[in-house]
Amino acid sequence: IHSSVLFSPPPTQSNITLCELNGELINPNESNMSFRNFDETDSFYYPDAKITVDSLKKSLGKNETAQLAFLEHSQTLKCRLQTAYNGHGIYGALNEINSSASSEALPMLFRSVCQNLLSALRWVGGMQLPMFPHLNLSDETSLIASISQNNDWIDSPIRFISWHCKANKFALALKDDTVKVYYHNNDLVPTLKHKLQRNVSDVQWKPFAASLLAVAAQTAVLIWTIDPCSLSSRPYSGSVQVLSFRNHSPVSSVAWNPHGYDQLFTSCVLSSAILVWNVGLKKPQVIQHISRCAGVTRLLFSPDGEKVLASTPSSSFRVFETSMWSNERWSQLSGRLQAACWNYDGRILLFSLLSDPRIYSLTFGNSKSSDQLTVDGSKHATVVIDLSSDEQGDQSNVIHSMIWDESGSRLAVMFDKHDFRSARIALFATSSNPVFSITLKGYIEGRNGCLPQLIAFKPNCSTGACLTICYSDGNITYVPLYFKRSQI
Amino acid sequence: MAKNWLISQEFIWRNAAAAVWTWVVNSSWLLVALFVWTFTPSNHIYAVYDYFLLLFSFRVWVLIFCISCLSSLFVKLHMQSSQVTFKLPTTRFQSLVAMFSFKRIFLTMCHGVLCGVITAFLAGISESKFSTVYIQCKNTPEYVCLNESCYILILFGSVVGAANFISRSNKHLYCLNFPIVQQARFLSIKCNFQQMLIQSYKTCAKFLQYFLIFYYLIGYLTREFVADLLRAGPCDGHIVSTLNIMGVISLAWTLWVSGTILLLLHNVSWHLFNIYATKMFPFRMDSVFPEDKPKILTSNLTSDQPPLVQHLAFQYLSSVASSSSIKRKQIYVISHDTGSANQPKWNLILDECLARLRKLTTSIKDHKQIALRMEQNKVKTKSSKSSSSSQSSSGQSPAPDSSQFMSVSAFNHRPKSCDTLDGVNMSCFDVSSLNTTNAGNPLNSPNLNGSMLTVPTPKLWTKQIRKRAALHSSVSSPIYISAKNIQSYSLTRILPVSQVPYKTLNSQIQALLQRGSAAIKKFPLVSFLFNEIPSHSMANLYSEHNIYRWAIRSLSSLSAYSLHEDDYGVVQRRLHEVINCLLDLLVTLDKHGKVLPICTSDTTNLMLRQQQSIKNEARSAMYRITDTFSTQLESIPVDAEFRRKLRSFVEHQE
Numbered sequence: 086i087h088s089s090v091l092f093s094p095p096p097t098q099s100n101i102t103l104c105e106l107n108g109e110l111i112n113p114n115e116s117n118m119s120f121r122n123f124d125e126t127d128s129f130y131y132p133d134a135k136i137t138v139d140s141l142k143k144s145l146g147k148n149e150t151a152q153l154a155f156l157e158h159s160q161t162l163k164c165r166l167q168t169a170y171n172g173h174g175i176y177g178a179l180n181e182i183n184s185s186a187s188s189e190a191l192p193m194l195f196r197s198v199c200q201n202l203l204s205a206l207r208w209v210g211g212m213q214l215p216m217f218p219h220l221n222l223s224d225e226t227s228l229i230a231s232i233s234q235n236n237d238w239i240d241s242p243i244r245f246i247s248w249h250c251k252a253n254k255f256a257l258a259l260k261d262d263t264v265k266v267y268y269h270n271n272d273l274v275p276t277l278k279h280k281l282q283r284n285v286s287d288v289q290w291k292p293f294a295a296s297l298l299a300v301a302a303q304t305a306v307l308i309w310t311i312d313p314c315s316l317s318s319r320p321y322s323g324s325v326q327v328l329s330f331r332n333h334s335p336v337s338s339v340a341w342n343p344h345g346y347d348q349l350f351t352s353c354v355l356s357s358a359i360l361v362w363n364v365g366l367k368k369p370q371v372i373q374h375i376s377r378c379a380g381v382t383r384l385l386f387s388p389d390g391e392k393v394l395a396s397t398p399s400s401s402f403r404v405f406e407t408s409m410w411s412n413e414r415w416s417q418l419s420g421r422l423q424a425a426c427w428n429y430d431g432r433i434l435l436f437s438l439l440s441d442p443r444i445y446s447l448t449f450g451n452s453k454s455s456d457q458l459t460v461d462g463s464k465h466a467t468v469v470i471d472l473s474s475d476e477q478g479d480q481s482n483v484i485h486s487m488i489w490d491e492s493g494s495r496l497a498v499m500f501d502k503h504d505f506r507s508a509r510i511a512l513f514a515t516s517s518n519p520v521f522s523i524t525l526k527g528y529i530e531g532r533n534g535c536l537p538q539l540i541a542f543k544p545n546c547s548t549g550a551c552l553t554i555c556y557s558d559g560n561i562t563y564v565p566l567y568f569k570r571s572q573i
Numbered sequence: 016m017a018k019n020w021l022i023s024q025e026f027i028w029r030n031a032a033a034a035v036w037t038w039v040v041n042s043s044w045l046l047v048a049l050f051v052w053t054f055t056p057s058n059h060i061y062a063v064y065d066y067f068l069l070l071f072s073f074r075v076w077v078l079i080f081c082i083s084c085l086s087s088l089f090v091k092l093h094m095q096s097s098q099v100t101f102k103l104p105t106t107r108f109q110s111l112v113a114m115f116s117f118k119r120i121f122l123t124m125c126h127g128v129l130c131g132v133i134t135a136f137l138a139g140i141s142e143s144k145f146s147t148v149y150i151q152c153k154n155t156p157e158y159v160c161l162n163e164s165c166y167i168l169i170l171f172g173s174v175v176g177a178a179n180f181i182s183r184s185n186k187h188l189y190c191l192n193f194p195i196v197q198q199a200r201f202l203s204i205k206c207n208f209q210q211m212l213i214q215s216y217k218t219c220a221k222f223l224q225y226f227l228i229f230y231y232l233i234g235y236l237t238r239e240f241v242a243d244l245l246r247a248g249p250c251d252g253h254i255v256s257t258l259n260i261m262g263v264i265s266l267a268w269t270l271w272v273s274g275t276i277l278l279l280l281h282n283v284s285w286h287l288f289n290i291y292a293t294k295m296f297p298f299r300m301d302s303v304f305p306e307d308k309p310k311i312l313t314s315n316l317t318s319d320q321p322p323l324v325q326h327l328a329f330q331y332l333s334s335v336a337s338s339s340s341i342k343r344k345q346i347y348v349i350s351h352d353t354g355s356a357n358q359p360k361w362n363l364i365l366d367e368c369l370a371r372l373r374k375l376t377t378s379i380k381d382h383k384q385i386a387l388r389m390e391q392n393k394v395k396t397k398s399s400k401s402s403s404s405s406q407s408s409s410g411q412s413p414a415p416d417s418s419q420f421m422s423v424s425a426f427n428h429r430p431k432s433c434d435t436l437d438g439v440n441m442s443c444f445d446v447s448s449l450n451t452t453n454a455g456n457p458l459n460s461p462n463l464n465g466s467m468l469t470v471p472t473p474k475l476w477t478k479q480i481r482k483r484a485a486l487h488s489s490v491s492s493p494i495y496i497s498a499k500n501i502q503s504y505s506l507t508r509i510l511p512v513s514q515v516p517y518k519t520l521n522s523q524i525q526a527l528l529q530r531g532s533a534a535i536k537k538f539p540l541v542s543f544l545f546n547e548i549p550s551h552s553m554a555n556l557y558s559e560h561n562i563y564r565w566a567i568r569s570l571s572s573l574s575a576y577s578l579h580e581d582d583y584g585v586v587q588r589r590l591h592e593v594i595n596c597l598l599d600l601l602v603t604l605d606k607h608g609k610v611l612p613i614c615t616s617d618t619t620n621l622m623l624r625q626q627q628s629i630k631n632e633a634r635s636a637m638y639r640i641t642d643t644f645s646t647q648l649e650s651i652p653v654d655a656e657f658r659r660k661l662r663s664f665v666e667h668q669e
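So the protein lines, in turn, are chains A and B. Numbers 86 to 573, taken from our numbering, label the letters of the first sequence in order. Numbers 16 to 669, taken from our numbering, label the letters of the second sequence in order.
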């Protein structure tokens, strides 16, 4: 077990980290002036994206009409309720009553009754015996925020980032419910907007396709087809396909089949069902009902596509094999699973728990040589890193998200916004051959006064890896990590 | 079909297992449903007590056993009614024939009777007004009357059974639904039970409203008929009456619950049957025993196998190609079997997959061409009608324009004998084609198609025209020739001079018949019945979309994995064929896969989805190959158009 106490403390003076070179993180100072313009030259290879907070204007709600563009218009509670009921049924109406906009106008007792009714409906809809605390959350946005990989999902201008696995482009889900696609060699920025595209929690490009993008929204999943050669910045309405399923909202996670088959897996934070869609046919299939969990927060495929992690709001998670969907369950955890990542061959899973400063490791057997896929995970998780600190409070969360680069050489850990290290990102060098080892490389410094909200590794990086960091002010920075990639 | 080894050996057990599991699952949930069935609002305080009292009754257990056994019979009916793929009837007449086919009527009756019997057993579970067929007449106590409550319940059960079968057949829900991912049987039931329940009560509610309306209007007729049949006295009063609203509500609740139970029994049985029928079968990759040859995967991929076997074989192939490195190596390896002439399995698989995909590509192209011709023909007919009317009014003979010359189909089917005429610069020309009034319909006059009208013409001129005509006809001929008419049209063409004496009579009779049938088809009702429905014929192109998807997936996965696993290079040798075929399919789908504006229906939507599914799969397949081989593909021999497409795939611009 490595403890962060043993490592060098994070630097006190804030200097923006430019890159990793010769095994060291480079921060510009008097001695290495030549690196001052490093980011400018290197950024040529990456899409140029900057989101200004002022440009994002959140759409008003479910009851938005064209009329609002011309006249100042305030809708009555009755109108809002009616619209919500027409659009989303009894769930929608109860959600509207419990939303902050309506809370002032209604008596306390009535709101309380509706709140309990909503919780009860969620409980019945989820087909679960225990009553989990997250079912009582009044607003679905706070529900999404609690499970998001974004450090500050509600206020952050960028809510999600997704790199394409081969092409040099990424998609950004923004606070104003639009999704923008940025190319490295094209100034055109397609903007994806749809009336059902609200409170985006996840965005994923389809592997082995250049143009298919799945967007997990509050009430449905939207499949966008963005022609890379198109000169239009607003794809026409025919380029989107809506996938919705009864009692499957808000959609918490989407994951494409890593082999590039036309299969999209979706999960919902209020339903224990995991769905798979044949996207072309728009045909859903429920493949699992995870009992004793009340919802699925995230689906994470191993890079080889043979296993998938399903994290839940309860103190347990499961790993499935993808041939017959048998699973193994890890329970009796100290909290719900907060962050997780697979190594390149799907044999090591690193994860951290809510309010737990440690990173755990699970190892899995190699079932590739046999005909039948099995999960074959280790019985107990092993602690590989302890990031606890004296300055940290007892109850506060430490690790918010972590990602592993596709070569399995670098691990980036983003701290929770309440942690004193929240402005930095810890970078670890890892190796799994011959045995798993992990070493702290250092802390990546960000911009002054800005907190990192999202991190992602750019796939298909031949010279090492490239860490993409989205900041709270809407800036996106790239930190190239130059190292010799281990042989995959 | 029954002769196939898989059907005769494996599927007997699969269907038996489906029947047994249907019995197990249905009897389990029936015990819970019993509570809802016996629940009465007036006696709600004792509902739980009554329920447990019922569970201690031996009679109830026997009845539940019987109901579960009867529900297993649904599996037998599913065996008869299920389809692997559905081909839509292309004319309304075919739809009518299919609707009133003996098999369909028989199966409808079987479903109705079975559901009626199950409802009768349900009615007997608890003592209520529904449990006896006869009751004492109120007006004449010495006679027994038909118990209308029991009668209406059993009648409703039968109606639900029959109507559900018809409704599902019309929506093609008896077509096997291959799962997106394989999953365990119990898991599948667990995951889908809620959905089945919701679907059952919704469907039942729909049936119930129609049933009550019809029973209110004409129910007394059937009731009197059945009472006579059972030699019972006529019923006293009417249950379904506007004066007895509370009674109707109570009755509706009972009918709704019973109908929901029936539909759920049926849906569970179908679900289990579908699971077992579509469960992946592990075919053998190779065998040293010659008697095992029919059981080898490559033998079951061929189109002469039953559709279900073909589907399972392709399903297994796609699974093996994507997930089993051991099986993939067996495909790449060169066989030591002398019988197959050292052909690697890859070649056999490739041939079969390519044949399927090429067939799809060709049929899409052909269909598009026919549709285009049909459109042009309509326009042509309209314009020729208007021009003939204008000619008759002016009284002048029309001058044939160049487009009319090009439309003469005789140029394409010129008799060979015409080329061997004496004159060096002479050829023959079908004068009938100059009859512009018949340009739109060359079958109208048999005389004009006779050999007498074949006159010698300067050969040079004819050759040039022929070239142009051939060129033109290869793109699109303005005359619409439907697939059915092509053969008959060629029969009425100019015959070689030597054959005229023998075949003139035949051709004239046939031409007369053609004229007769053409005349009959002009009647609105006949044309309505026999005209092709374009959306249906187009949808039928994709009826085997599962096989196409699996074939595409298998080919691309095997090609991609071959980079590291193919020791003998068998894949590399024919990789260009895979790429050419996939690109051809993609280009064809992009160019010709568009739907005609007249096609707007559920069928079209389904077809569009199937088409989109194939397109997505083909595109991913191309990326799978180009991402693996990347710029090495530059050396692969492909057409110029395909090369551009291939380059855009390599650059991720597609």
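Ideal Cβ positions, reconstructed from N, Cα and C, are used throughout, including at glycine.
Requested in this report: Using DSSP bridges, identify the partner residues of Y567/A.
Outcome: Start at 1 with the first residue of the first sequence, and residue 567/A comes out as number 482. Beta-bridge pairing links Y567/A to G549/A.
Query - Collapsed DSSP secondary structure at I561/A in the structure displayed - result: For the purposes of this step, residue 561/A is taken as residue 476 along the first sequence, with counting starting at 1. Note: I561/A maps to strand in three-state DSSP.
Query - Cβ separation of G296/A and D272/A, assumed to be a contact under 8 Å, to the nearest whole Å - result: For the purposes of this step, residue 296/A is taken as residue 211 along the first sequence, with counting starting at 1. For the purposes of this step, residue 272/A is taken as residue 187 along the first sequence, with counting starting at 1. First, the residue type needs correcting, since residue 296/A is Ser and not Gly in the sequence shown. Not really, about 19 Å apart at Cβ, beyond 8 Å.
Report task. List the residues of chain B that D490/A touches, going by C-beta distances under 8 Å, in chain order. Result -> As a first step, residue 490/A is located in the first sequence; it is residue number 405 there, counting from the start. Residues of chain B passing the Cβ test: none, with the nearest at roughly 19 Å.
Query raised in the report: How would you list, in chain order, the residues of chain A whose beta-carbon sits under 9 Å from the beta-carbon of C190/B?
Result: Indexing the second sequence from 1 puts residue 190/B at position 175. Those within 9 Å of C190/B in chain A number zero; the least Cβ separation is about 13 Å.
Query raised in the report: Straight-line CA distance for L88/B to I290/B?
Result: For the purposes of this step, residue 88/B is taken as residue 73 along the second sequence, with counting starting at 1. For the purposes of this step, residue 290/B is taken as residue 275 along the second sequence, with counting starting at 1. Taking the straight line from one Cα to the other gives about 17 Å.
Query raised in the report: Any idea if G584/B is buried or exposed, counting beta-carbon neighbours within 10 angstroms, 16 or more meaning buried?
Result: By one-based count along the second sequence, residue 584/B stands at place 569. When all chains shown are included, G584/B counts as exposed.
**Report entry** the segment 401-414 of chain A contacting the segment 225-238 of chain B, beta-carbon criterion three pairs below 8 Å
**Finding:** no
Query - Within 8 Å of chain B by C-beta, residues of the segment 528-542 of chain A in sequence order - result: Listed by position, the residues of the segment 528-542 of chain A near chain B (Cβ gap below 8 Å) amount to none.
Requested in this report: Under 8 Å between beta-carbons, which chain A residues line up against R568/B? List them in chain order, please.
Outcome: Stepping through the second sequence from its first residue, residue 568/B is reached at position 553. Chain A residues near R568/B: Y346.
**Report entry** Per DSSP, cross-strand counterpart(s) of L496/A
**Finding:** Along the first sequence, read from residue 1 onward, the residue named residue 496/A stands at position 411. For L496/A, which the question treats as bridged, DSSP gives the partners W489/A, F513/A.
**Report entry** For D287/A, the three-state DSSP class (helix, strand or coil)
**Finding:** For this step, residue 287/A is matched to residue 202 along the first sequence. Here D287/A sits in strand by DSSP.
Query raised in the report: Got a sec: is the Cβ-Cβ distance from V263/B to anything in chain A below 9 Å?
Result: Translated into positions along the second sequence, residue 263/B becomes position 248. By this cut-off, V263/B is not an interface position.
Requested in this report: Confirm, please, whether the CB-CB distance from S337/A to C555/A is below 9 Å.
Outcome: Taking the first residue of the first sequence as 1, we reach residue 555/A at position 470. Taking the first residue of the first sequence as 1, we reach residue 337/A at position 252. No, Cβ-Cβ distance for C555/A and S337/A is not below 9 Å.
Query - Cross-chain neighbours of D642/B in chain A, by beta carbon under 8 Å - result: For the purposes of this step, residue 642/B is taken as residue 627 along the second sequence, with counting starting at 1. In chain order: K251, F293.
**Report entry** Rounded C-alpha distance that separates K416/A from S72/B
**Finding:** Mapped onto the first sequence, residue 416/A falls at position 331. Mapped onto the second sequence, residue 72/B falls at position 57. Contrary to the premise, residue 416/A reads as Ser rather than Lys in this sequence. Rounded to whole angstroms, S416/A to S72/B spans 43 Å at the Cα level.
Query raised in the report: Which residues bound the beta strand (DSSP E) around K254/A?
Result: On the first sequence, residue 254/A is found 169 positions in, with the first residue counted as 1. 254-259 is the span of the beta strand (DSSP E), which, as asked, contains K254/A.
Query raised in the report: DSSP state of Q325/B, grouped into three classes?
Result: Taking the first residue of the second sequence as 1, we reach residue 325/B at position 310. Of the three classes helix, strand and coil, the one that applies to Q325/B here is helix, per DSSP.
Query raised in the report: How many angstroms separate the CA atom of K251/A from the CA atom of N545/A?
Result: For the purposes of this step, residue 251/A is identified with residue 166 of the first sequence, where counting begins at 1. For the purposes of this step, residue 545/A is identified with residue 460 of the first sequence, where counting begins at 1. In this structure, the CA atom of K251/A is about 6 Å from the CA atom of N545/A.
Report task. Could you check what DSSP says for I136/A in three-state terms: helix, strand or coil? Result -> Position 51 of the first sequence, counted from the first residue, corresponds to residue 136/A. Correct three-state label for I136/A: coil.
Query raised in the report: Smallest Cα separation from Y567/A: which of N363/A, S494/A, D558/A, W427/A?
Result: Indexing the first sequence from 1 puts residue 567/A at position 482. Checking every option, the nearest Cα to that of Y567/A belongs to S494/A.
Query raised in the report: Residues in its own chain within less than 6 Å of A31/B by CB, not counting five upstream and five downstream?
Result: Indexing the second sequence from 1 puts residue 31/B at position 16. For A31/B, where only same-chain residues beyond five positions count, there are no Cβ hits under 6 Å.
Requested in this report: Ignore the nearest five residues each way along the sequence and tell me which others in M94/B's own chain have a CB closer than 8 Å to its CB.
Outcome: Here residue 94/B refers to the residue found at position 79 when the second sequence is read from its first residue. Correct list, in chain order: N30, F288.
Query - Limits of the alpha helix (DSSP H) - the one that D599/B falls within - result: The residue you call residue 599/B lines up with position 584 of the second sequence. Looking at the DSSP string, the run of the alpha helix (DSSP H) that includes D599/B is 590-607.
Report task. Give every residue of the same chain whose Cβ lies closer than 8 Å to the Cβ of T459/A, excluding the five residues on either side of it in the sequence, and list them in chain order. Result -> Within the first sequence, numbered from 1, the residue matching residue 459/A stands at position 374. Taking T459/A as the centre and dropping the five residues before and after it, the same chain places the C-beta of E406, S411, G450, S452 closer than 8 Å to its C-beta, in chain order.
Query - C-alpha gap between V39/B and L278/B, whole angstroms - result: Here the question's residue 39/B lines up with position 24 in the second sequence. Here the question's residue 278/B lines up with position 263 in the second sequence. Each residue's Cα considered, the two are about 17 Å apart.
Query raised in the report: According to the neighbour-count rule (16 or more other Cβ atoms, all chains shown, within 10 Å of its Cβ), is P343/A buried or exposed?
Result: Numbered from 1 along the first sequence, position 258 holds the residue referred to as residue 343/A. By the 10 Å Cβ count, P343/A comes out buried.
Query raised in the report: How would you call C250/B, buried or exposed, if buried means at least 16 neighbouring beta carbons within 10 angstroms?
Result: For the purposes of this step, residue 250/B is taken as the residue at position 235 of the second sequence. That one is buried.
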